[in-house]
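The structure appears right after this line, and notes come after that.
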């Protein structure tokens with residue numbers, strides 16, 4: 001496992017981008033070593049064991065139409081998918097009033113519905129002027145990158161209800177408060193997805209499909225086939241470049257390689273010392289980058305009891321913790337799992353995650369169960385288990401979802417993707433289509449592998 | 001130097017905040033160990049040796065009226081100060097036209113002057129409603145924290161000239177493009193400084209005074225008196241908290257302490273593993289924090305020749321590299337040094353630092369000399385030396401100037417300063433007065449030391 005090795009390509013990071021690149025290169029006959037800091041593969045996909053044989057997705061969870069790269073990979077690996085459970089009526093709870101609904105549109109007031117629709121229409125119209133492969137080239141790029149999506153929502157919605165719903169939806173999608181996210185970046189994602197509906201909807205949208213056995217199974221399956229090409233528990237400390245390639249120093253192995261793929265989010269790449277130093281724009285970009293740090297909370301029940309009541313398990317509410325709830329049960333319904341997202345986002349913007357809920361896991365879990373009981377009735381008061389996957393404290397992964405602060409896109413442009421000599425960058429963040437999604441990570445792993453294969 | 005130690009207080013970081021705290025605690029009879037990752041003290045103050053006995057300030061450089069903590073410390077340590085050289089006429093160069101002026105206001109067009117004045121007036125009026133110790137409590141805090149200062153400038157100035165000048169001034173002050181800086185944070189700084197003039201002016205402002213021998217001499221003098229209480233080259237990897245205090249593990253020493261002071265910028269604190277984990281809000285804040293990464297470029301001449309021409313050495317221009325130039329010579333004028341700031345900020349916003357200038361040190365230096373020649377004449381074409389202090393590549397300091405992205409202030413509020421048990425936070429960033437300045441670091445070192453002394 002350890003010691004000195006030589007390979008055509010050293011891959012840093014055994015998430016979906018790194019493993020996809022390693023798989024592609026191996027298939028085309030090149031030698032590869034994958035160095036992973038954690039003691040597991042999968043990066044931001046991780047299976048949380050709920051019961052023997054039952055897993056919940058702790059990180060990246062859904063795939064949907066238009067995500068051709070990840071769907072093809074799942075198929076090639078022989079993994080099974082299933083539809084996200086969305087049958088039945090959803091709960092819309094606001095100001096203490098609980099309404100049931102079907103379809104993608106919650107029963108807002110008429111004014112809020114019109115308001116939501118006009119905001120959506122305007123955002124989609126603005127998004128049409130953003131070239132997804134070069135968002136900084138949009139005519140209004142500087143203007144839109146100089147402000148936040150949250151500020152746009154505040155200024156351009158008229159009703160509290162629509163404003164709150166938009167904020168909630170995109171807090172979940174972005175893994176952070178829209179008041180920290182560049183408006184330009186958001187428009188670029190809307191453009192890439194072909195509209196807001198695709199981003200926030202389940203059926204026909206990016207949340208349509210799940211992977212049987214959990215999404216980490218994708219990485220586990222690839223890694224198993226790569227065998228001892230994957231070195232775990234081996235954080236890379238240094239990459240020394242020269243004319244022939246680079247020497248990659250890690251905890252358990254030193255790899256001499258002709259090309260290097262850094263398959264991590266930009267902020268995580270900053271943990272590596274490069275010799276010679278990275279260009280200023282790349283170095284600064286890594287230091288200014290952050291990802292979203294939201295957590296996932298799971299309430300586990302002996303069965304998905306809400307289905308008996310004709311409920312889907314999906315809910316949109318104004319409750320303290322469970323603002324958005326979705327059925328996260330395994331495909332056979334052998335256990336019932338309800339999922340919500342919780343984090344630092346939204347404080348002060350109408351979402352009401354308090355310091356107590358954020359800082360005290362016990363208080364957070366109690367509040368979650370209380371909310372679920374309000375939504376789904378007394379049966380929800382007695383989960384058999386409560387689990388949490390926290391993305392704010394991972395030692396080697398500084399956040400889960402791809403976020404982006406104002407200014408970054410227009411100031412750093414191609415520094416995100418430009419190779420530095422024979423060092424290449426690939427992660428969900430470098431993708432122009434489905435940026436931040438598992439599909440983006442897979443397409444980037446392929447793109448970089450193909451580029452290197454041409455040069456080897 | 002190394003091994004196991006016990007102390008009342010372990011201080012992590014030997015910058016101004018950490019050393020001030022260690023000095024205060026030692027003076028009040030408490031035992032202290034200071035653990036510093038670098039092989040030098042000073043943090044973001046560092047002397048760049050220009051010639052034997054001649055230094056330039058590579059980091060924090062100026063002090064001014066209202067910065068009582070740092071001024072008192074300099075005095076107590078017996079260090080000398082001198083006035084920033086500003087005598088003579090300054091150069092204002094725009095669209096190829098070079099004008100000379102005196103006083104703080106460059107000879108803008110009348111329209112630009114009126115425009116600058118109205119923007120300044122409005123910003124100062126807005127700033128008056130921001131409580132500097134709790135900026136998130138301002139009535140319009142959410143609105144202002146949801147957008148950038150750069151966007152405000154773009155919308156609220158009418159002339160290209162005023163817009164560019166405001167952008168340039170605050171790019172220098174903030175160490176990053178205003179399109180990445182929260183408007184609320186900027187208003188809070190304006191409120192703390194008592195106005196924009198104080199922030200950007202030399203005489204009577206925050207750039208009025210320098211330290212003879214360089215600002216790092218402050219840290220060097222304190223550290224010398226602390227003796228072997230300071231352990232260099234000893235990055236802290238872990239802080240394990242318990243009821244009695246904490247065990248602080250570092251490369252060269254393991255310290256058992258009753259209190260811990262983390263005297264680093266929030267982003268740098270994220271390099272340490274805490275057990276038990278930090279509260280979610282604090283952990284997320286650290287991961288979302290970034291500092292400005294601008295560099296300082298120095299052109300060294302055998303003497304300050306511009307003074308012969310009656311020039312101060314200060315210039316405001318629209319040239320590619322030298323947008324702002326100031327005389328940075330030693331107090332005796334034995335050498336002439338001209339300083340500019342260069343970095344990733346400003347790209348695409350009328351400032352024209354190109355990729356080539358940013359990524360190629362040779363091209364950057366050549367462009368700098370070309371600009372200086374345009375400003376100060378042919379004599380400037382032949383510097384005896386060109387030096388650079390780069391803040392984008394420091395291994396243990398992830399940026400120099402305190403910046404702040406939109407959303408951070410209102411979402412994380414007191415997580416920046418709230419102690420976690422017996423772990424306390426002190427740096428230029430935690431200060432409410434003179435945040436981001438050396439004075440803020442010193443006042444925070446004192447504040448935390450006094451608090452701990454009361455508890456010991």
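Protein chains in written order, with UniProt numbering: chain V, 1 to 456; chain Y, 1 to 456. Using N, Cα and C, we set each Cβ at its ideal position, and we do this for glycine too.
Beta-carbon neighbours of residue i, restricted to chain Y and to distances below 9 Å
i: residue 293 of chain V; result: 280, 283, 284, 287, 288
Where residue i meets chain Y, residues with beta-carbon distance less than 8 Å
i: residue 143 of chain V; result: 151, 154
Listed by chain order, chain V residues near residue i by CB distance under 7 Å
i: residue 277 of chain Y; result: 393
Beta-carbon neighbours of residue i, restricted to chain Y and to distances below 7 Å
i: residue 81 of chain V; result: Neighbours of residue 81 of chain V on chain Y: none; closest Cβ ~32 Å, over 7 Å.
i: residue 312 of chain V; result: Result: empty, since nearest Cβ-Cβ is about 29 Å, beyond 7 Å.
i: residue 398 of chain V; result: 287
Contacts of residue i in chain V (Cβ-Cβ under 9 Å)
i: residue 273 of chain Y; result: 395
Pick from the options that is closest to residue i, judged by C-alpha positions
i: residue 388 of chain Y; options: Y:59, Y:243, Y:89; result: Y:59
i: residue 86 of chain V; options: V:79, V:362, V:202, V:401; result: V:202
i: residue 120 of chain V; options: V:89, V:163, V:145, V:142; result: V:163
i: residue 134 of chain Y; options: Y:332, Y:409, Y:181; result: Y:409
i: residue 307 of chain V; options: V:271, V:246, V:298, V:376; result: V:376
i: residue 4 of chain V; options: V:170, V:145, V:248, V:274; result: V:248
i: residue 447 of chain V; options: V:23, V:227, V:329; result: V:23
i: residue 70 of chain V; options: V:30, V:147, V:382, V:20; result: V:20
i: residue 193 of chain Y; options: Y:99, Y:64, Y:241; result: Y:64
i: residue 238 of chain V; options: Y:279, Y:129, Y:395, Y:445; result: Y:395
i: residue 303 of chain Y; options: Y:26, Y:332, Y:38; result: Y:332
i: residue 25 of chain Y; options: Y:75, Y:226, Y:211; result: Y:226
i: residue 336 of chain Y; options: Y:371, Y:298, Y:359, Y:366; result: Y:298
i: residue 95 of chain V; options: V:416, V:175, V:316, V:155; result: V:316
CB contact check: residue i to chain V, cutoff 8 Å
i: residue 109 of chain Y; result: no
i: residue 185 of chain Y; result: no
i: residue 430 of chain Y; result: no
i: residue 7 of chain Y; result: no
i: residue 71 of chain Y; result: no
i: residue 355 of chain Y; result: yes
i: residue 411 of chain Y; result: yes
Pairwise C-alpha distance: residue j and residue i
i: residue 84 of chain Y; j: residue 451 of chain Y; result: 35 Å
i: residue 258 of chain Y; j: residue 339 of chain V; result: 41 Å
i: residue 295 of chain V; j: residue 199 of chain V; result: 19 Å
i: residue 17 of chain V; j: residue 151 of chain Y; result: 35 Å
i: residue 311 of chain V; j: residue 386 of chain V; result: 21 Å
i: residue 45 of chain V; j: residue 48 of chain Y; result: 46 Å
i: residue 97 of chain V; j: residue 405 of chain Y; result: 37 Å
i: residue 407 of chain V; j: residue 148 of chain V; result: 10 Å
i: residue 116 of chain Y; j: residue 160 of chain Y; result: 10 Å
i: residue 272 of chain Y; j: residue 236 of chain Y; result: 6 Å
Residues bridged to residue i [DSSP beta-bridge criterion]
i: residue 246 of chain V; result: V:241, V:257
i: residue 312 of chain V; result: Partner(s): none; residue 312 of chain V has no beta bridge.
i: residue 326 of chain Y; result: Y:339
i: residue 90 of chain V; result: V:101
i: residue 35 of chain V; result: V:12, V:231
i: residue 364 of chain Y; result: DSSP, once it has assigned bridges, lists no residue as partnering residue 364 of chain Y.
i: residue 385 of chain V; result: V:300
i: residue 4 of chain V; result: V:254
i: residue 277 of chain V; result: The partner list for residue 277 of chain V (beta bridge, DSSP) is empty, contrary to what the question assumes.
i: residue 425 of chain Y; result: Y:262
Below-8 Å beta-carbon distance, residue i vs any chain Y residue
i: residue 3 of chain V; result: no
i: residue 416 of chain V; result: no
i: residue 234 of chain V; result: no
i: residue 359 of chain V; result: yes
i: residue 406 of chain V; result: yes
i: residue 436 of chain V; result: no
i: residue 59 of chain V; result: no
i: residue 147 of chain V; result: yes
beta-carbon residue i near the ligand PLP non-hydrogen atom, thresh 7 Å
i: residue 20 of chain Y; result: Questions concerning the ligand PLP fall outside what the structure shown contains, since it holds no ligand whatsoever.
Cross-chain neighbours of residue i in chain V, by beta carbon under 8 Å
i: residue 467 of chain Y; result: Chain Y is shown only over 1 to 456; residue 467 of chain Y falls outside these bounds and no answer can be derived.
Interface positions of the segment 154 to 183 of chain V facing chain A (Cβ-Cβ less than 7 Å), listed along the chain
Here the protein chains are V and Y, and chain A is not one of them.
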